[in-house]
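Reviewing the structure listed below.
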Amino acid sequence: MNIKNLKTLAIAMAEQNNDFDVEKCEKAIQIILEKISNGIAKGDKTDIRQFGTITPVVYEPALRRNPATGDFVAKGYTVKAHFRPATKLKNMVA
Numbered sequence: 003m004n005i006k007n008l009k010t011l012a013i014a015m016a017e018q019n020n021d022f023d024v025e026k027c028e029k030a031i032q033i034i035l036e037k038i039s040n041g042i043a044k045g046d047k048t049d050i051r052q053f054g055t056i057t058p059v060v061y062e063p064a065l066r067r068n069p070a071t072g073d074f075v076a077k078g079y080t081v082k083a084h085f086r087p088a089t090k091l092k093n094m095v096a
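Residue numbering for the sequence shown follows the working numbering, starting at 3 and increasing by one per position.
Right, dumping it as structure tokens:
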């Protein structure tokens, strides 16, 4: 299965679950992704069993060097999401 966007994921879910239509599946996926995004924005760790853990990583403000010009640029706090796959997901992919 090649899932490239939210709509194709919703279609695949609807095909496997006859009780739900595509719109309900799409809405459910959007709600889950919003909850994960909001949790990361608040600094919360999100653990999805048998899939993985998404943890926000906060980088302190610092001077960074622009490689094109060589100038130093002040950067504020930066938050990035770190994903650590669960063992079951690692085994499925390997």
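Here a beta-carbon is modelled for each residue, glycine too, at the ideal position from N, C-alpha and C.
All values reported here derive from a predicted model rather than from experimental measurement.
Alpha carbon of residue i to alpha carbon of residue j, nearest angstrom
{"i": "P63", "j": "Q52", "result": "35 angstroms"}
{"i": "A43", "j": "E36", "result": "10 angstroms"}
{"i": "F22", "j": "A30", "result": "10 angstroms"}
{"i": "K77", "j": "A70", "result": "16 angstroms"}
For residue i, three-class secondary structure by DSSP
{"i": "A70", "result": "coil"}
{"i": "I13", "result": "helix"}
{"i": "I34", "result": "helix"}
{"i": "K29", "result": "helix"}
Contact set for residue i: own chain, Cβ-Cβ below 8 angstroms, skip 5 residues either direction
{"i": "K82", "result": "P58, V59 and Y61"}
{"i": "N19", "result": "C27"}
Residues near residue i in its chain [Cβ-Cβ closer than 7 angstroms; skip 5 each side]
{"i": "F85", "result": "G54 and I56"}
Other residues of its chain near residue i: CB distance less than 6 angstroms, five sequence neighbours each side excluded
{"i": "C27", "result": "A12, M15 and A16"}
{"i": "G45", "result": "P58"}
{"i": "T48", "result": "I38, G41 and I56"}
Q. Can you list, in chain order, the stretches of the beta strand (DSSP E) that have 3 or more residues and sit fully within the region 40-96?
A. 48-50, 54-61, 64-67, 74-77 and 80-87
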